[in-house]
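Colleague:
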Amino acid sequence: MAEDREAMSPTKIGFSILWSACWTGIPIKAVFAVLAMTMGLAHFEGRFGLAFLMLFASPVTVFAVPIIIAMFETQFGEGIGLPIIFGMSIPVDIWALGLVGRTFFLERLRKEPPHDGLGFSIWWRAALIGTFFFPLLWCIVSRVTEIAIAASHSMAEMERMRHLFDTGLPIAERIGLELTIWGSISSAVLIVLAVIGISILGQTIRRMAEVARPVSENYQGLITRWDLMRVPTDQGLLLTSLAGVGVVFSLMFWSILPVTTPHPHECCKKPDVRVEPVFKPVESLSSSAQRVATLAAQIGAMEQQKVATKDQKEKGKGKVEAGTAKDSSAKTKP
Amino acid sequence: MDIKHSSPTTLPDHQPSTIEKLVAFLDERVGLKEMQAKMLNEPIPGGSRWAYVFGSILLFIFAMQALTGILLMFYYVPTADHAYASTQYIIHDVDYGWFLLGYHFWGSSAMVVCVFAHMSQVFLWGAYKKPRELLWLVGLALLGVVITFGFTGYLLPWDQRAFWATTVGVEILDKTPIVGDFIARFLKGGPTPGQMTLSRFFVLHVMILPAALMALAGLHLFLFRVAAPAGPFTGTVEEIKAKTDYFFPRQIWKDMVGMAFVFVSICGLALWEPVVLLDEAQPDPGDYHPEPEWYFLFYFQLLRLKLFAGEFGQFMGAVALPVVFMILLVALPFFDKDPERNIFKRPIALISWIAIMVFIILFTVASVINREFLD
Amino acid sequence: MLQPKLKSKVRCTDHDIGEVTKVVLDPLSHEISHIVVSMNGSGERQVAMGHVQTVMEDLVQLRAPSTDILALPPFKREDYVTTHEVEISHLEDNIHVTPGEVLVPLPDLEKNVKRRTFFMNFTHVIGFLIGLPIAYPILRFLMKPMYADFDNEWLKVGNVSKIKQNDVGVQFKYKKKVKEAYMPESEIDKNVWVLRATPEVLEKVYGEKDMEFRDAKGKVVWTNKKDIPYVAFSGKCPHLGCAFKWRQHKTLGQVFLCPCHLSIYDASGTVLDGPAPRALDALPVRVSAGGEVEIIDMEFKAGTKSRIRIV
Chain A
0 MAEDREAMSP TKIGFSILWS ACWTGIPIKA VFAVLAMTMG LAHFEGRFGL AFLMLFASPV
60 TVFAVPIIIA MFETQFGEGI GLPIIFGMSI PVDIWALGLV GRTFFLERLR KEPPHDGLGF
120 SIWWRAALIG TFFFPLLWCI VSRVTEIAIA ASHSMAEMER MRHLFDTGLP IAERIGLELT
180 IWGSISSAVL IVLAVIGISI LGQTIRRMAE VARPVSENYQ GLITRWDLMR VPTDQGLLLT
240 SLAGVGVVFS LMFWSILPVT TPHPHECCKK PDVRVEPVFK PVESLSSSAQ RVATLAAQIG
300 AMEQQKVATK DQKEKGKGKV EAGTAKDSSA KTKP
Chain B
0 MDIKHSSPTT LPDHQPSTIE KLVAFLDERV GLKEMQAKML NEPIPGGSRW AYVFGSILLF
60 IFAMQALTGI LLMFYYVPTA DHAYASTQYI IHDVDYGWFL LGYHFWGSSA MVVCVFAHMS
120 QVFLWGAYKK PRELLWLVGL ALLGVVITFG FTGYLLPWDQ RAFWATTVGV EILDKTPIVG
180 DFIARFLKGG PTPGQMTLSR FFVLHVMILP AALMALAGLH LFLFRVAAPA GPFTGTVEEI
240 KAKTDYFFPR QIWKDMVGMA FVFVSICGLA LWEPVVLLDE AQPDPGDYHP EPEWYFLFYF
300 QLLRLKLFAG EFGQFMGAVA LPVVFMILLV ALPFFDKDPE RNIFKRPIAL ISWIAIMVFI
360 ILFTVASVIN REFLD
Chain C
0 MLQPKLKSKV RCTDHDIGEV TKVVLDPLSH EISHIVVSMN GSGERQVAMG HVQTVMEDLV
60 QLRAPSTDIL ALPPFKREDY VTTHEVEISH LEDNIHVTPG EVLVPLPDLE KNVKRRTFFM
120 NFTHVIGFLI GLPIAYPILR FLMKPMYADF DNEWLKVGNV SKIKQNDVGV QFKYKKKVKE
180 AYMPESEIDK NVWVLRATPE VLEKVYGEKD MEFRDAKGKV VWTNKKDIPY VAFSGKCPHL
240 GCAFKWRQHK TLGQVFLCPC HLSIYDASGT VLDGPAPRAL DALPVRVSAG GEVEIIDMEF
300 KAGTKSRIRI V
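Chains as they are written, first to last, in numbering that gives the first Met the number 0: chain A, 0 to 333; chain B, 0 to 374; chain C, 0 to 310.
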């Protein structure tokens, strides 16, 4: 570790800072994103993973994403929630880059970090590089992928001609082969370009470090210093405000979370709201009275019928008894 | 009696508060202060690290799954004639049921991802080597339990997707020689999947597997404490000493932030894609193409290759290959005796890990592409 | 070198300076890194093990003069915790700094080895015996539904008048009543493919012999005679159980085609293409004088080369 301090490559510098800062920021950005989703302000459909990655790397992507959306008509999701989330990520990124930057200067570069605004200095540099480099990377990788997919299709076609299979290379093998071909080309280009971009950022940070003073403490002193940097001067204030914000967000969440599912199944769609018919007491009373009368008449009729059939039964009792006896014996058979 | 360094210094005429008296009461009977110190004051060589959070996150996810699972059981009925309807009831009628079911569903995916992350971290840090072989073995048993959790839980909604993914999955198990038929019939509760299958999967999912997981996790934690954290694989003694801190509060704090992030992420996933069931399970698949959970897709695609066609091919792919792979994993700490833990100085380990990652990603993506070609 | 014992005297090159009051361990290497010397009341000093020349049972000899030791900074107790207040695994495994041992007596009854061994083994035997009686019932309990008897009832599926041509598959849909365990009886939709086969196709289905069908115990319940022209195929594809169709294929003519994984069979059920491991499963079939087709509904294990009946 001590040796590569002197000759730390710009890629390593850029990657270390960006990786740590992105991970530091993402828990906070995720909270805003979930609140936006709960409110229904952001819909991602199939592009959830991509949107997450863009948000994760927001120090670099924050201005690049609108450019890419405009230039290439790609969608990362819909709704005004997205620009809001990216907007919120700016102060988060500045803070994260500041924290990570100061730690990096002390621990890895053994230099005094600049007194003020290190976070902002790194952030605007990262955003600037991202605004130009990232759309370029997007463009190149998209084009290369398109070409590679087409090339692998035709390669697989050729394969089919020469192969022994009558019906051509089987589907699963063909997909695997094509995916390997264009996948590796595409990934290689993506990785190379990403490394170049990170290296550019690393170089700018290295230039910032060159003008910084070296530290005087020993290793343990440095570790203690950046560690204690994380303890706020007014602990009560920070903890109370954090808890307070958390409670407020939770209350918001409880009130805006939809009670029933936003994606109902065919089986159980909520019935359309029907207007209740106006209640008219007099009418309902009289109609009920009428119903009672009709029912009473029906009961009277049924009773009469019962008496009549009973008489009939008495007459045909002998025959009926024999019949019921046979029935019951049939019923008792297993 | 030793001077208890961890207790705060008290002024000579300070009257103990109620809390302090309570603590003293418990401490006299239970040895509370010493136990607390032993549990929390564990030095982590090289300091607490974000890379180490996955174990605790897994415990957190399990707790959340148990909680949401218990809540779902208030309404879910595990019979073939009510499973589908009760699940739809949870989704459509119970307040926030859709969200809790979504949390449970995505939580299981999160668990698989974190298991993979945790295993990778242990592998890359060489933390399976002596004296941590037993930890690795118990960890593999836990992996088996987590996978079985996912497999058994998937059947419970009893829609087409659930029923057919299970049918195909159990058929694969059937290919095991000698015991395959018995195991398949045991799991299915008969020759074909039906009510007996649902009952057995339910019992496994809510009783047997949770008990197994808790027992194994307890053992895993105990072994971890006895073996001590392995720490970073690079760094001089001076650097490691300078950064060493205690498990509490530093590592626990990092674990908490990790848990919070995972919690928010699972909520996000549940909001992005709530659980939507297909039609109720039918014995005839009709137009539906069976597919397992996303984390099995790579294997599903592998078995589609002509290499694994035919009875022998099926045996190779469904039984021989995974068994050989599992044996390799189990034997890993016993044939990799080199004490070197720096991943950049273990080329075989690094290349194997990258190869497996690439293989899984490649075949998962291939399986998704293959959906277009199924008719 | 022996480990320094607590309470042993400490001697410099010139004279004794006190005794060992404490021992400090290194948390990483688990070795003794320092001893703390009482300095006879003038403030404890922490002395690195490097200063130690030899260690004897009750004496630690240092290689420096007492002035050097006195010049060391005073020992700060608040920078340390006892080993009871911290969890460092295996820390004290190889540390023996207390002279002597602390012991607890064995109860009289436990001093008899034979008694101990007997009761230990007896405990194991009883434990085994508690488990044993329930093991077999548990196994049978769990296995009850696994090997159910087959239902060999004849089911009417339709009339042969539906079949207009020879060697063409005609789907007959029927409903089967199933009662699983305690579940209410339900009806499931099933289908068979029936065809009236010409002698060539019939030859391919049967080969040389009549087809026998057995029940769970192996007794023959029915034989399909090879000269009866009606053949009924189970509607489930032998690959993985999907329902297949009768279609016109671009090169292979009229075939049975399974949409799941594209297994293709000709009219006699022989596999033409795809992952199917065996030909279509023929079912027991009989046709009454009035043309009513009846079958015994059977299911066979999917994905195997040999035909194994499971339902």
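Glycine included, each C-beta is placed from N, C-alpha and C at the ideal position.
Taking its Cβ as the centre, do 16 or more other Cβ atoms sit within 10 Å of ILE222 of chain A, making it buried, or is it exposed?
Modeller: Counting Cβ neighbours within 10 Å, ILE222 of chain A comes out buried, since at least 16 surround it.
Colleague: Could you tell me the distance, in whole angstroms, from the CA atom of GLU199 of chain C to the CA atom of GLY206 of chain C?
Modeller: Computed Cα separation, rounded: 10 Å.
Colleague: With 8 Å as the threshold, decide whether the Cβ of VAL23 of chain C is near any Cβ in chain B.
Modeller: Cβ-Cβ to chain B under 8 Å: no for VAL23 of chain C.
Colleague: Return helix, strand or coil for LYS6 of chain C, following the three-state DSSP convention.
Modeller: DSSP places LYS6 of chain C in coil when its eight states are reduced to three.
Colleague: For my contact list, VAL36 of chain C and VAL19 of chain C are in at a C-beta cut-off of 8 Å; report their separation, rounded to the angstrom.
Modeller: Going by Cβ atoms, the distance from VAL36 of chain C to VAL19 of chain C rounds to 6 Å, so yes, they are a contact pair.
Colleague: Thinking C-beta only, is VAL292 of chain C closer than 8 Å to TYR229 of chain C?
Modeller: Closer than 8 Å, so yes.
Colleague: Can the beta-carbon of ILE170 of chain A be found less than 8 Å from the beta-carbon of ASN341 of chain B?
Modeller: No; because the gap between Cβ atoms is not below 8 Å, this pair is not in contact.
Colleague: Comparing the C-beta of PHE372 of chain B with each C-beta of chain A, is any distance below 8 Å?
Modeller: Taking Cβ atoms only, chain A reaches closer than 8 Å to PHE372 of chain B, which makes this a yes.
Colleague: Could you name the residues of the region 291-313 of chain B whose beta carbon sits closer than 8 Å to any beta carbon of chain A, in the order they occur along the chain?
Modeller: So the close ones are GLN300, ARG303, LEU304, LYS305.
Colleague: May I ask you to verify whether the region 279-293 of chain B touches the region 40-56 of chain A, counting CB pairs closer than 8 Å and requiring at least 3?
Modeller: Because the criterion of three Cβ pairs below 8 Å is not met, the region 279-293 of chain B and the region 40-56 of chain A do not touch.
Colleague: Output yes if chain A places a C-beta closer than 8 Å to the C-beta of ALA259 of chain B; else output no.
Modeller: Interface residue, yes.
Colleague: Does the ligand FMN have even one heavy atom less than 7 Å from the beta-carbon of ARG114 of chain C?
Modeller: Absence of the ligand FMN is noted for the structure shown, with no ligands found whatsoever.
Colleague: Quick check: is the beta carbon of VAL310 of chain C nearer than 8 Å to any beta carbon in chain B?
Modeller: For VAL310 of chain C, the answer is yes, since a Cβ of chain B falls inside 8 Å of its Cβ.
Colleague: How many Å lie between GLU184 of chain C and ALA278 of chain C at the Cα?
Modeller: Each residue's alpha carbon lies about 32 Å from the other.
Colleague: So, does the CB of PRO273 of chain B fall closer than 8 Å to a CB anywhere in chain A?
Modeller: Yes - at least one Cβ of chain A is within 8 Å of the one on PRO273 of chain B.
Colleague: By how many angstroms is the C-alpha of ALA242 of chain A removed from the C-alpha of ALA15 of chain B?
Modeller: Correcting the residue type first, residue 15 of chain B is Pro in the shown sequence and not Ala. Cα to Cα, the separation comes out at about 30 Å.
Colleague: Taking the straight line between their C-alpha atoms, what separation do you get for ILE31 of chain C and ASN93 of chain C?
Modeller: When rounded, the distance between both Cα atoms is 10 Å.
Colleague: Relative to the C-alpha of HIS95 of chain C, which residue among C:GLY217, C:ILE295, C:MET0 is closest?
Modeller: The option with the nearest alpha carbon to HIS95 of chain C is C:MET0.
Colleague: What are the start and end residues of the beta strand (DSSP E) that includes TRP221 of chain C?
Modeller: Its beta strand (DSSP E) spans residues 219-223.
Colleague: Considering only residues of the same chain and omitting the five flanking positions on each side of LEU239 of chain C, which have a CB-CB separation below 8 Å?
Modeller: Only CYS259, HIS260, ALA301, GLY302 meet the Cβ criterion.
Colleague: Could you name each continuous beta strand (DSSP E) segment of 3 residues or more that falls completely within the region 188-255 of chain C, going from the start of the chain to the end?
Modeller: As far as the region 188-255 of chain C is concerned, its whole beta strand (DSSP E) runs of at least 3 residues are 210-213, 219-223, 229-233, 244-248.
Colleague: Tell me whether ALA214 of chain B sits in a helix, a strand or coil according to DSSP, three-state version.
Modeller: ALA214 of chain B falls in the helix class under three-state DSSP.
Colleague: Restricting to Cα atoms, I'd like to know which of C:VAL23, C:PRO73, C:ILE68 is closest to THR81 of chain C.
Modeller: Looking at the Cα atoms, C:VAL23 is the closest of the given residues.
Colleague: By how many angstroms is the C-alpha of TRP49 of chain B removed from the C-alpha of ASP92 of chain A?
Modeller: Approximately 19 Å, taken between the alpha carbons.
Colleague: How many angstroms separate the CA atom of VAL137 of chain B from the CA atom of ARG184 of chain B?
Modeller: Those two C-alpha atoms are separated by around 28 Å.
Colleague: Applying the criterion that 16 or more other CB atoms from any shown protein chain within 10 Å of the CB defines a buried residue, is VAL101 of chain C buried or exposed?
Modeller: Exposed, since its Cβ has fewer than 16 Cβ neighbours within 10 Å.
Colleague: Is the Cβ of CYS266 of chain B closer than 8 Å to any Cβ of chain A?
Modeller: For CYS266 of chain B, the answer is yes, since a Cβ of chain A falls inside 8 Å of its Cβ.
Colleague: Roughly how many angstroms lie between the CA atoms of ILE350 of chain B and GLU238 of chain B, to the nearest whole one?
Modeller: Roughly 28 Å separates the two Cα atoms.
Colleague: Please confirm whether ARG109 of chain A and PRO213 of chain A have their CB atoms less than 8 Å apart.
Modeller: Contact: yes.
Colleague: With a threshold of 8 Å between beta-carbons, can THR20 of chain C be considered close to chain B, or not?
Modeller: False, the Cβ-Cβ gap to chain B never drops below 8 Å.
Colleague: For the 8 Å Cβ check, are there 3 or more pairs between the region 214-222 of chain B and the region 128-137 of chain B?
Modeller: The region 214-222 of chain B vs the region 128-137 of chain B: in contact.
Colleague: Based on the DSSP output, what are the partners of GLU77 of chain A in its beta bridges?
Modeller: BP columns for GLU77 of chain A point to A:HIS42.
Colleague: Of the residues that make up the region 171-183 of chain B, which ones have a beta carbon closer than 7 Å to any beta carbon in chain C?
Modeller: Flagged: no residues at all.
Colleague: Is there a Cβ from chain C that is less than 8 Å from the Cβ of GLY165 of chain B?
Modeller: Sequence inspection shows Thr at residue 165 of chain B; the Gly mentioned does not correspond to that position. So no, THR165 of chain B is outside the interface.
Colleague: Buried or exposed: where does VAL9 of chain C fall if 16 or more other Cβ atoms within 10 Å of its Cβ makes it buried?
Modeller: Classification for VAL9 of chain C: buried.
Colleague: Leaving out five residues on either side along the sequence, give the residues of the same chain with a beta carbon under 8 Å from the beta carbon of LYS189 of chain C.
Modeller: Answer for LYS189 of chain C: LYS172, TYR173, LYS174, LYS175, GLY234, ASP296, listed in chain order.
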